[in-house]
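For the sequence shown, full-length UniProt numbering puts the final residue at 107, and the numbers step up evenly by one. Each residue gets a CB set at the ideal place from its N, CA and C atoms; glycine is no exception. The structure under discussion appears below in the form of structure tokens.
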Amino acid sequence: MRRRNNGSSCFCQAAKRTGRGGCNETETNEPPGWCIYVAVALVAVGCYLNALDCDFVHDDIPAVVRNRDVIGKASWSSVLNDDFWGTPMESINSHKSYRPFTTLTFR
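Written out as structure tokens, the structure is:
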């Protein structure tokens, strides 16, 4: 049994009648592709929303809170010469984890 159109037609049906095309014959009633991206973004934001009021923990304290490169007490050039933790790369205490872009994003 065919379903009758009650006067309102979708864009695809109207385009087929006017000969413009633009829609696939296999279209279903799926949501548009951008809806999926919005749903994923909302879930991601929802998961981390409760963490915005929290303090730093574990390695965040030496990497962000006490890092002279991050808090702005060191020069911009020191970001390129220091490791991720703010220790000069040539120091024996350096972890040799060179991530200047990450350090700059914390600044």
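Contact set for residue i: own chain, Cβ-Cβ below 7 Å, skip 5 residues either direction
i: residue 56; result: 64, 65
i: residue 83; result: 89, 94, 95, 96, 97, 98
i: residue 68; result: 74, 86
i: residue 91; result: none
Cut-off 6 Å between Cβ atoms - residues of its own chain near residue i, not counting five sequence neighbours on either side
i: residue 47; result: none
i: residue 102; result: none
i: residue 106; result: 64, 70
Bounding residues of the alpha helix (DSSP H) (the contiguous stretch that carries residue i)
i: residue 34; result: 33-48
i: residue 104; result: 100-106
i: residue 77; result: 76-81
i: residue 71; result: 68-71
Cut-off 8 Å between Cβ atoms - residues of its own chain near residue i, not counting five sequence neighbours on either side
i: residue 81; result: 88, 89
The stretch 52-63 / the stretch 72-79 touching (three or more Cβ pairs under 8 Å): Contact fails: fewer than three Cβ-Cβ distances are below 8 Å.
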